[in-house]
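Q: With our numbering applied, the sequence shown has no gaps in its numbers, which climb one by one up to 258 at the end.
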Amino acid sequence: MPVATVCLPTYNERENLEAMLRALAPLGVRVLVIDDNSPDGTGEIADRLAGEFDFVSVLHRERKEGLGPAYLAGFHRALADGADYVLEMDCDFSHDPRDVPRLIAACEAGADLALGSRYVEGGGTENWGAGRRLVSFGGSFYARAMLGVGVRDLTGGFKCYRRRVLETIDLDAIHSKGYAFQIEGTYRTLRKGFRVVEVPIRFIDRTAGHSKMSRAIFLEAVVRVPRLRLAALAGRL
Ligand SMILES: Nc1nc2c(ncn2[C@@H]2O[C@H](COP(=O)(O)OP(=O)(O)OP(=O)(O)O)[C@@H](O)[C@H]2O)c(=O)[nH]1
Ligand SMILES: [Mg+2]
22 MPVATVCLPT
32 YNERENLEAM
42 LRALAPLGVR
52 VLVIDDNSPD
62 GTGEIADRLA
72 GEFDFVSVLH
82 RERKEGLGPA
92 YLAGFHRALA
102 DGADYVLEMD
112 CDFSHDPRDV
122 PRLIAACEAG
132 ADLALGSRYV
142 EGGGTENWGA
152 GRRLVSFGGS
162 FYARAMLGVG
172 VRDLTGGFKC
182 YRRRVLETID
192 LDAIHSKGYA
202 FQIEGTYRTL
212 RKGFRVVEVP
222 IRFIDRTAGH
232 SKMSRAIFLE
242 AVVRVPRLRL
252 AALAGRL
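1) Strictly by DSSP, which residues pair up with Thr210?
2) Taking C-beta to C-beta, are Leu134 and Glu219 nearer than 7 angstroms?
3) Buried or exposed: where does Arg209 fall if 16 or more other Cβ atoms within 10 Å of its Cβ makes it buried?
4) Between the stretch 193-207 and the stretch 112-125, do at least 3 Cβ pairs fall closer than 8 angstroms?
5) Please return the same chain residues whose Cβ sits closer than 7 angstroms to the Cβ of Val77, not counting the five positions on each side in sequence.
6) Taking 6 angstroms as the limit, tell me which residues put their C-beta closer than that to any heavy atom of ligand 2, in chain order.
7) Between the C-alpha atoms of Ser138 and Arg173, what's the straight-line distance to the nearest angstrom?
8) Looking at the strands, I want to know which residues DSSP matches up with Asp56.
9) I need the DSSP call for Gly145, collapsed to helix, strand or coil.
10) For Cys181, which of helix, strand or coil comes out of DSSP?
11) Judging by CA-CA distance, which residue of Gly178, Leu88, Glu73 and Phe96 is the nearest neighbour of Ile190?
12) Span of the beta strand (DSSP E) holding Ala135?
13) Determine the contact status of Thr26 and Ala104, defining contact as a CB-CB distance below 7 angstroms.
14) Could you tell me which residues DSSP pairs with Leu108 in its beta bridges?
15) Short of 8 angstroms in beta carbon distance, which residues of its chain neighbour Ala40, apart from the five on each side in sequence? Order them along the chain.
16) Considering only heavy atoms of ligand 1, does any lie closer than 6 angstroms to the CB of Gly137?
17) Look at the alpha carbon of Thr31 and the alpha carbon of Leu251, and state the distance between them as a whole number of angstroms.
18) Return yes when the Cβ of Gly178 is within less than 7 angstroms of the Cβ of Asp111, no when it is not.
19) Looking only at its chain, what residues have a beta carbon closer than 7 angstroms to the beta carbon of Glu83, apart from the 5 residues adjacent to it on each side?
20) Ends of the beta strand (DSSP E) at Phe224?
21) Do Leu38 and Phe202 have their C-beta atoms within less than 7 angstroms of each other?
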């Protein structure tokens, strides 16, 4: 049985964390909660649940630095602990835990990176307003055009990396923090010649807790994408 570790970054997810871990429990995965010292006590809930469940461990970080640095710390820990597959997933039920085995299966079938994708046949978003849909779809379209890649959902954060990918791409060179982190991870994977496969998912807007999406995260992606393309053109990616 391959070892699959779900990296689950949390910031103020006290309403969601326990239900999420209980939903992941039957799937045979390991879960690494990466908590950035959430003021709402999510970190303590994570510790309690790690005591209850063998498949759960917790990485505590001192402060909120954005998704990117949290995931990078999680990736390093998951690889050191022997993961064959490393997954990214939000802890707000936008990503359906029942889709986790589908992402792993896509890698077992030959993908090096499986992306949960809203923008392929069979995928989509539920209960998002027109504004949010436009930002997300427009963001993926912009990135796809700028980078000249065929992947349709570049900003999604539900992914399964094969270990070898994370060992090959230069993780420590990634400084993106928000959506740009997702775009950059997928782009670096493609640049190294790995096989990226999109798996259709239905993305459901969160019903508990609050979004951490911000204007700064959006602008970071707008600025980073052309810089990524330039870095690739200069032979640095
Ligand atoms: N450790 C850590 N987790 C974070 C940070 N920012 C967001 N998260 C977590 O990352 C996941 C996704 O964050 P969300 O707030 O849902 O942001 P999003 O999914 O990009 O935006 P929405 O679609 O509006 O929900 C959630 O599990 C958050 O708790 C952070 O700075 N550090
Ligand atoms: Mg979310």
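Quick reminder that beta carbons are idealized off the backbone N, C-alpha and C, glycines included.
Please read all numbers here as calculations on a predicted model, not as lab measurements.
A: On the basis of the coordinates in this document:
1) Position 189 of the sequence shown, counting from 1, holds the residue named residue 210. Partner(s): none; Thr210 has no beta bridge.
2) The residue given as residue 134 occupies position 113 in the sequence shown. The residue given as residue 219 occupies position 198 in the sequence shown. Contact: no.
3) As a first step, residue 209 must be located in the sequence shown, where it is residue number 188. So Arg209 ends up on the buried side.
4) no
5) Within the sequence shown, the letter at position 56 stands for residue 77. The residues are Leu42, Val52, Val54, Leu70 and Ala71.
6) Asp111, Asp113, Ser115, Arg227 and Ser232
7) The residue labelled residue 138 in the question sits at position 117 within the sequence shown. The residue labelled residue 173 in the question sits at position 152 within the sequence shown. Those two C-alpha atoms are separated by around 7 angstroms.
8) Locating residue 56 in the sequence shown gives position 35, where the first residue counts as 1. Answer by DSSP bridge pairing, in chain order: Thr31 and His81.
9) Residue 145 sits at position 124 when you count from the first residue of the sequence shown. Gly145: strand per DSSP, three-state reduction.
10) Against the sequence shown, residue 181 aligns to sequence position 160. Cys181: strand per DSSP, three-state reduction.
11) Taking the first residue of the sequence shown as position 1, residue 190 is located at position 169. Here the closest residue by C-alpha is Phe96.
12) What you label residue 135 is simply residue 114 of the sequence shown in a count that begins at 1. Looking at the DSSP string, the run of the beta strand (DSSP E) that includes Ala135 is Leu134 to Ser138.
13) Locating residue 26 in the sequence shown gives position 5, where the first residue counts as 1. Locating residue 104 in the sequence shown gives position 83, where the first residue counts as 1. For Thr26 and Ala104, yes; Cβs fall inside 7 angstroms.
14) Counted from its first residue, the sequence shown places residue 108 at position 87. DSSP, once it has assigned bridges, lists Val27 and Cys181 as partnering Leu108.
15) Position 19 of the sequence shown, counted from the first residue, corresponds to residue 40. Closer than 8 angstroms at the Cβ level, and outside the excluded window around Ala40, lie Phe114.
16) Indexing the sequence shown from 1 puts residue 137 at position 116. Result no, Cβ not under 6 angstroms from ligand 1.
17) Looking up residue 31 in the sequence shown gives position 10. Looking up residue 251 in the sequence shown gives position 230. Cα-Cα distance, rounded: 32 angstroms.
18) Your numbering for residue 111 matches position 90 in the sequence shown. Your numbering for residue 178 matches position 157 in the sequence shown. In contact: Asp111 and Gly178 (Cβ atoms closer than 7 angstroms).
19) Taking the first residue of the sequence shown as position 1, residue 83 is located at position 62. Asn58.
20) Numbered from 1 along the sequence shown, position 203 holds the residue referred to as residue 224. Start and end: Arg223 to Ile225.
21) Residue 38 sits at position 17 when you count from the first residue of the sequence shown. Residue 202 sits at position 181 when you count from the first residue of the sequence shown. Not in contact: Leu38 and Phe202 (Cβ atoms no closer than 7 angstroms).
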